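Participant: Protein chains in written order, with my numbering: chain A, 16 to 374; chain B, 220 to 344; chain C, 1113 to 1480. Where a beta carbon is used, it is the ideal one built from N, C-alpha and C, also for glycine. None of these values were measured; they are calculated from a predicted model.
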């Protein structure tokens, strides 16, 4: 690496850290404020104008909290877990293009990297659940493992549709190829990816590992002070990363008229996050067997179908390109109709969860 | 930009991220040594939380978690997707042959999947 | 299938657990996520109210009854004064009877709102349904505050009537509430009844069979959801309930969804009773002539009413002194709760919480 490379690296490390941290703070504030509005409340409004400084006040509070390590816990696992849970979320942002050319590392296997690194945070959560030596957190850790293992498959499959169209795994190329956002060409893929990601970053209605009403707080039950804050930051960092990846894959990244590209990127990231909030504030939680059933019986078959549908369409499009003009409009409407129809039909086809078990 | 440099960037970012996360744990540790943050552990405070009751038995036991079927299926389908990725990248060159070939490949896997479903492996009993 | 040797895990849910609605404790043995055994542990909120009552005059017991079912404390007042009135042979003025019915039905709505809201909360619907329910409950609490200056422990009813008449601004405000409440109930139905996740979590889960419900002498919405038509307001009318037209909604399956549904429907009929009671409210006194230190003749009396949670009974024994010789409370939630073990065994951990929420208990009443 020569001097320029170092400067490039330094700038983007600052950008990524700054982006992640500022977005986390903004998201925490938005989440509390927006969910407050959903629930006919005001949300935080005491610290600073409209409560914008609430996150900072929380930070100071949490920084000066006593760090309690349970006597029975595995000290080192307990200590390392928050770091392992937090770091992968930052690493995912390394391959997200903020605008054309603004990217730390334009890997030619960008998406594969996102999939591989993004799921690593779960290791931290599992470590926390296991290391705390608490029964609630143990259940939480087990649920996490099962959940991520199950949802990884449909998420990875739903990306294949995007790759078929673009013919590249690079995040920058994928954005360049999007004449219209892929959410229109790949509605089914978007839905599967969105729901799967929601499950992987453990947000409601798939937040079984935190399930306050069942296992109290799950994996971070024995954490306090800054270690807890790292999990909290990690959860939001994963949400930021997931929103950024969804924006890149399905919402045409930085592209958009009039406004500067970076602003478009931020708007789209905010929109995706708002979708997470909407789900969280309206839906009850699934049960663990229903959660698994949803991944294997609903998302996986639809994801497989989506791969072949997209493959056939790409082939057809390659032949007819000359006669249809430069955009496959018929496929757009066909896919939307098929997605809607399939979701309604397929959901009638199976029983989501198990019943009573004889004991 | 050369490929190796990209991975170098990410490796360096990894180091920065770890330092950042570790510092968030080390700073309170130093503050507590300086006496700014309280540090008064006692047996009740450091006991395991279980809704205010004493824990019954061990937590680290042979836990009956009925998801190893999912784990097996996961291995199956994850390997499948590993094959799907390079196929998808070169799909436009492979044309119809590629589609049919992959259809056969996944059809074989799908039979296994349907079998598992019919056998009730997807039910969480 | 391969058999792995696993150990069942014993876990304490409660007393300090977010969804045990107080300090109830479930000692759950589970294998994986499936519950194989459950042992309810009561008594963390025991205050000895039945014994305390023996040291107080008949009127002084009324504030104690407020502390039983603190979500619907007016109904406790009602059941107690009804028992003492039966014992002493006191006739209550008609206006007071009407107002008692109005208070009971308002209490029922407010209690069911809370029950449904917390049931949804237990199923993980991050507080949103609960806050919507709270919106209407606040209006009711404002009305109660108007009547007696309290929002939780009302101490409004007296032996022989009520402590004082309603203020003039009460009836218009109640009228407004009665007008708009059906729309809000429709809104809840719209938001909740068709929700796929809610249906998946509640339909067929925690089924309480008709036989078990009767054998366990369950009452209230828990019993009616299992298809038994038993409502004290119809079966043994007290106050002036025989003058109103209303139906008792009956479930069929006895699962969580039916218990939820019965509560929603009961709110609709409570609004109808309120409408009729406001229309028929006579004028006059609200308090009969009762000596300040009541000495009922020797004997015993039992009075039961349909509280929001079931058959709430007060059994009073008098030895012709100023304090009751013995007071026994038939707490509906305590008896409903005895079915819990049969309902949760074989279900998942998450279902246990939902079933528990659907039985809708108030620990103040269970532990007394």
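Decide if residue 195/A is buried, meaning its Cβ has at least 16 other Cβ atoms within 10 Å, or exposed.
Facilitator: If you number the first chain from 1, residue 195/A lands on position 180. The residue in question, residue 195/A, is exposed, as its Cβ has fewer than 16 Cβ neighbours within 10 Å.
Participant: Using the beta-carbon of each residue, which ones in chain B are nearer than 9 Å to residue 39/A?
Facilitator: The residue labelled residue 39/A in the question sits at position 24 within the first chain. Within chain B, no residue comes near residue 39/A; the closest Cβ sits about 12 Å away, beyond 9 Å.
Participant: Quick check: is the beta carbon of residue 227/A nearer than 7 Å to any beta carbon in chain C?
Facilitator: For the purposes of this step, residue 227/A is taken as residue 212 along the first chain, with counting starting at 1. It does; some Cβ of chain C falls within 7 Å.
Participant: Helix, strand or coil, according to DSSP, for residue 220/B in the structure here?
Facilitator: Working through the second chain from its first residue, we reach residue 220/B at position 1. Unreliable placement is indicated for residue 220/B, whose pLDDT of 49 sits below 50; no coordinate value is reported for it.
Participant: Under the rule that 16 or more other beta-carbon atoms within 10 Å means buried, what is residue 1129/C, buried or exposed?
Facilitator: Locating residue 1129/C in the third chain gives position 17, counting from the first residue. Result: buried.
Participant: What are the start and end residues of the beta strand (DSSP E) that includes residue 114/A?
Facilitator: Taking the first chain and counting its residues from 1, one reaches residue 114/A at position 99. Note, residue 114/A: premise wrong, no beta strand (DSSP E); not H, not E.
Participant: Using the beta-carbon of each residue, which ones in chain A are nearer than 7 Å to residue 1247/C?
Facilitator: Translated into the one-based positions of the third chain, residue 1247/C becomes position 135. Those are 55, listed as they occur along chain A.
Participant: Quick one: does residue 1275/C have its CB under 7 Å from some CB of chain A?
Facilitator: Locating residue 1275/C in the third chain gives position 163, where the first residue counts as 1. No, its Cβ sits nowhere closer than 7 Å to a Cβ of chain A.
Participant: Can you give the Cα-Cα distance for residue 1158/C and residue 1139/C, rounded to whole angstroms?
Facilitator: Mapped onto the third chain, residue 1158/C falls at position 46. Mapped onto the third chain, residue 1139/C falls at position 27. Approximately 19 Å, taken between the alpha carbons.
Participant: Terminal residues of the continuous beta strand (DSSP E) containing residue 1152/C?
Facilitator: Counted from its first residue, the third chain places residue 1152/C at position 40. Taken as a continuous stretch (DSSP letters only), the beta strand (DSSP E) holding residue 1152/C covers 1146-1153.
Participant: Taking Cβ positions only, does residue 1188/C come closer than 7 Å to chain B?
Facilitator: Residue 1188/C sits at position 76 when you count from the first residue of the third chain. Closer than 7 Å: no.
Participant: Compute the beta-carbon to beta-carbon distance between residue 1182/C and residue 1474/C, rounded to the nearest angstrom, for a pair I have assumed lies under 8 Å.
Facilitator: Indexing the third chain from 1 puts residue 1182/C at position 70. Indexing the third chain from 1 puts residue 1474/C at position 362. Residue 1182/C to residue 1474/C, Cβ: 6 Å. Contact.
Participant: Pick from 1383/C, 1453/C, 1315/C and 1480/C: whose alpha carbon is nearest that of residue 1359/C?
Facilitator: Stepping through the third chain from its first residue, residue 1359/C is reached at position 247. Checking every option, the nearest Cα to that of residue 1359/C belongs to 1383/C.
Participant: With 16 as the cutoff for other CB atoms within 10 Å, does residue 306/A come out buried or exposed?
Facilitator: Your numbering for residue 306/A matches position 291 in the first chain. With 16 or more other Cβ atoms within 10 Å, it is buried.
Participant: For residue 1429/C, report the span of its beta strand (DSSP E) as first-last.
Facilitator: Within the third chain, numbered from 1, the residue matching residue 1429/C stands at position 317. Its beta strand (DSSP E) spans residues 1422-1430.
Participant: Between which two residues does the alpha helix (DSSP H) holding residue 230/A run?
Facilitator: In the first chain, residue 230/A corresponds to position 215, counting from 1. Here the alpha helix (DSSP H) through residue 230/A covers 227-230.
Participant: According to DSSP, what are the bridge partners of residue 1418/C?
Facilitator: By one-based count along the third chain, residue 1418/C stands at place 306. In DSSP, residue 1418/C forms a bridge with 1423/C.
Participant: So residue 1438/C packs on residue 1166/C, CB below 8 Å; how close in whole Å?
Facilitator: The sequence position of residue 1438/C within the third chain is 326, counting from 1. The sequence position of residue 1166/C within the third chain is 54, counting from 1. Right, their Cβ atoms sit about 7 Å apart.
Participant: Provide the residue span of the alpha helix (DSSP H) that contains residue 1122/C, from first to last.
Facilitator: Locating residue 1122/C in the third chain gives position 10, counting from the first residue. Counting along the chain, residue 1122/C falls outside any alpha helix (DSSP H), though it belongs to the beta strand (DSSP E) covering 1121-1125.
Participant: Counting only runs that start and end within the region 1225-1297 of chain C, where is the alpha helix (DSSP H) found for 4 or more residues in a row?
Facilitator: DSSP runs (the alpha helix (DSSP H)) wholly in the region 1225-1297 of chain C: 1240-1260.
Participant: In three-state terms, what does DSSP make of residue 2/A?
Facilitator: Here chain A covers residues 16 to 374 and nothing more, so residue 2/A does not appear.
Participant: Are three or more beta carbon pairs between the region 1287-1297 of chain C and the region 1308-1316 of chain C nearer than 8 Å?
Facilitator: Short answer: they don't touch.
Participant: Given a cut-off of 7 Å, decide if residue 1389/C and residue 1268/C are closer than it, judged by their beta-carbon atoms.
Facilitator: If you number the third chain from 1, residue 1268/C lands on position 156. If you number the third chain from 1, residue 1389/C lands on position 277. No; because the gap between Cβ atoms is not below 7 Å, this pair is not in contact.
Participant: In this structure, does DSSP put residue 1441/C in helix, strand or coil?
Facilitator: The residue given as residue 1441/C occupies position 329 in the third chain. Strand at residue 1441/C.
Participant: Scan the region 1141-1211 of chain C and note each continuous alpha helix (DSSP H) run of 4 residues or more that stays entirely inside, going in chain order.
Facilitator: Here the runs fully enclosed are 1161-1165, 1173-1178 and 1185-1200.
Participant: Go to residue 1454/C, then tell me how far its alpha helix (DSSP H) extends in each direction, as first and last residue.
Facilitator: Taking the first residue of the third chain as position 1, residue 1454/C is located at position 342. Where residue 1454/C is concerned, the enclosing alpha helix (DSSP H) stretches over 1452-1456.
Participant: Which partner residues does residue 33/A have in the DSSP bridge list?
Facilitator: As a position in the first chain, residue 33/A is number 18, starting the count at 1. Answer is none; residue 33/A lacks a bridge partner.
Participant: Can you give the Cα-Cα distance for residue 1219/C and residue 1418/C, rounded to whole angstroms?
Facilitator: Taking the first residue of the third chain as 1, we reach residue 1219/C at position 107. Taking the first residue of the third chain as 1, we reach residue 1418/C at position 306. The alpha-carbon atoms of residue 1219/C and residue 1418/C are separated by roughly 11 Å.
Participant: Considering only C-alpha positions, which residue in the set 269/A, 161/A and 87/A is nearest to residue 137/A?
Facilitator: As a first step, residue 137/A is located in the first chain; it is residue number 122 there, counting from the start. Ranking 269/A, 161/A and 87/A by Cα distance to residue 137/A puts 161/A first.
Participant: Can you give me the start and stop residues for the alpha helix (DSSP H) that residue 350/A sits inside?
Facilitator: Locating residue 350/A in the first chain gives position 335, counting from the first residue. Run containing residue 350/A: 344-362, per the alpha helix (DSSP H) assignment.
Participant: To which residues of the same chain is residue 1455/C closer than 7 Å at the C-beta, ignoring the five residues directly before and after it?
Facilitator: Taking the first residue of the third chain as 1, we reach residue 1455/C at position 343. Answer for residue 1455/C: 1318, 1320 and 1467, listed in chain order.
Participant: Given residue 281/A, which residues of its chain have a CB within under 6 Å of its CB, disregarding the five upstream and five downstream residues?
Facilitator: As a first step, residue 281/A must be located in the first chain, where it is residue number 266. Here the set comprises nothing.
Participant: Mind checking which residues open and close the alpha helix (DSSP H) that includes residue 1377/C?
Facilitator: In the third chain, counting from the first residue as 1, residue 1377/C sits at position 265. Segment 1368-1392, the alpha helix (DSSP H) holding residue 1377/C.
Participant: Considering residue 184/A, what are the terminal residues of the alpha helix (DSSP H) in which it resides?
Facilitator: Position 169 of the first chain holds residue 184/A. Segment: none, residue 184/A is in no alpha helix (DSSP H) and carries neither H nor E.
Participant: Bridge partners for residue 1412/C per DSSP, in chain order?
Facilitator: Residue mapping note: residue 1412/C aligns to position 300 of the third chain, counting from 1. The partner list for residue 1412/C (beta bridge, DSSP) reads 1429/C.
Participant: So the alpha helix (DSSP H) residue 90/A belongs to, where does it begin and stop?
Facilitator: Walking along the first chain from the start, residue 90/A turns up at place 75. Segment 90-107, the alpha helix (DSSP H) holding residue 90/A.
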